[in-house]
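I have placed the structure first, in the form of structure tokens, so that the comments after it can refer back to it.
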Ligand code: SAH
Ligand code: DHB
Ligand code: MG
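Residue numbers (our numbering): 85 to 310.
Right, dumping it as structure tokens:
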């Protein structure tokens, strides 16, 4: 089925998005540098762009930069004076991302922080960064519960949180089995279910990246930060 899912993705991309030579170059640079090809798909990039535009985001926080592909979609959605802060643990990934942000003309609006996110997040808070309007969680899966907790600390009522890779090949439904990543995703779902201040849904997807899905959550007005 993956060939068909990929062909349908290509059809949608062809009819809906104009050719984007910058993004093509960005993906080529990621491939040349040997980065794993695990960036979001073009259709998912457009979805992030649309969600951020709809929400009117001017401060966005991304967990997991890789080569900057999703970050470019997000940064392009920013209003005037907006900023994307993006967190990446791997210095090689970060180097590629920095040059891709430059290539996309976005260096001025992207603040790329290199190091394990849980470390760079403390720094962000000490600097008084935030609140952020929009969060994209797409780094290591075992730490998703921490990234959700941090997002809530750095959010405001009305903030949107999107989490990638929440299906784990279907293993998300397995209570006792599974690796740390799967347990991380499951813990995130428990946190959300225990939090009356979050409205959320999870959508399964197929496409050029296979079978997966994403979560979208809204921080409600009455959300109480603990
Ligand atoms: N959002 C990217 C893809 C991210 S892939 C895109 O769609 O274009 C996941 C990234 O998270 C990898 O680059 C990996 O190095 C990074 N990562 C893994 N553990 C991390 C951590 N503890 N802190 C920050 N980044 C981490
Ligand atoms: C992997 C990570 C991702 O963020 C993704 O979208 C797909 C795969 C991975 O680590 O294998
Ligand atoms: Mg992902």
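Think of the CB as a built atom: it goes at the ideal place given N, C-alpha and C, for glycine as much as any other residue. Owing to the predicted nature of the structure, the values given are computational and were not obtained by experimental measurement.
Span of the beta strand (DSSP E) around residue i
i: residue 221; result: 218 to 221
i: residue 203; result: Residue 203 -> not in any beta strand (DSSP E); alpha helix (DSSP H) instead, spanning 201 to 210.
i: residue 115; result: Where residue 115 is concerned, there is no enclosing beta strand (DSSP E), although the alpha helix (DSSP H) it sits in stretches over 105 to 116.
i: residue 195; result: 194 to 198
i: residue 296; result: 294 to 303
i: residue 311; result: There is no way to answer for residue 311, as the model of the chain reaches only from 85 to 310.
Exposure label - residue i; buried when at least 16 CB within 10 Å
i: residue 288; result: exposed
i: residue 160; result: buried
i: residue 137; result: exposed
i: residue 99; result: exposed
i: residue 231; result: buried
i: residue 116; result: exposed
i: residue 280; result: exposed
i: residue 267; result: buried
i: residue 263; result: exposed
i: residue 120; result: exposed
i: residue 91; result: exposed
i: residue 88; result: exposed
i: residue 260; result: exposed
Where the alpha helix (DSSP H) containing residue i begins and where it ends
i: residue 176; result: 175 to 187
i: residue 283; result: No alpha helix (DSSP H) holds residue 283; the beta strand (DSSP E) holding it covers 282 to 291.
i: residue 134; result: 126 to 139
i: residue 228; result: 228 to 237
Cβ-based neighbour list, residue i, same chain, cut-off 6 Å, excluding 5 preceding and 5 following
i: residue 148; result: 222 and 223
i: residue 245; result: 219, 235 and 301
i: residue 272; result: 228, 229 and 232
i: residue 276; result: 282 and 284
i: residue 188; result: 106 and 156
i: residue 247; result: 221 and 299
i: residue 97; result: 126
i: residue 265; result: 225 and 226
i: residue 216; result: 143, 145 and 238
i: residue 311; result: Not covered by the structure: residue 311. The range shown for the chain is 85 to 310.
Own chain, CB closer than 7 Å to residue i, minus 5 neighbours either side, in chain order
i: residue 269; result: 225, 228, 250, 252 and 256
i: residue 297; result: 250, 251, 286, 287, 288 and 289
i: residue 86; result: 294
Cβ neighbours of residue i in the same chain (closer than 8 Å, five flanking residues each side left out)
i: residue 153; result: 107, 110, 111, 114, 123, 124, 129 and 184
i: residue 181; result: 149, 150, 151, 152, 155, 170, 172 and 196
i: residue 200; result: 173
i: residue 162; result: 136, 141, 142, 144, 168 and 193
i: residue 133; result: 157, 158, 160 and 161
i: residue 103; result: none
Report the start-end ranges of each alpha helix (DSSP H) in the region 247 to 280 that is 4 residues or longer and not cut off at the edges. Qualifying alpha helix (DSSP H) stretches, in chain order: 264 to 277.
Count the CB pairs spanning the region 292 to 308 and the region 229 to 245 that are closer than 8 Å, and state whether there are at least three. Pairwise C-beta distances place the region 292 to 308 in contact with the region 229 to 245, as three or more of them are shorter than 8 Å.
Any chance you could list the alpha helix (DSSP H) runs of at least 4 consecutive residues sitting entirely within the region 137 to 170, in chain order? Counting only unbroken stretches of 4 or more residues, the alpha helix (DSSP H) elements lying wholly within the region 137 to 170 are 153 to 160, in sequence order.
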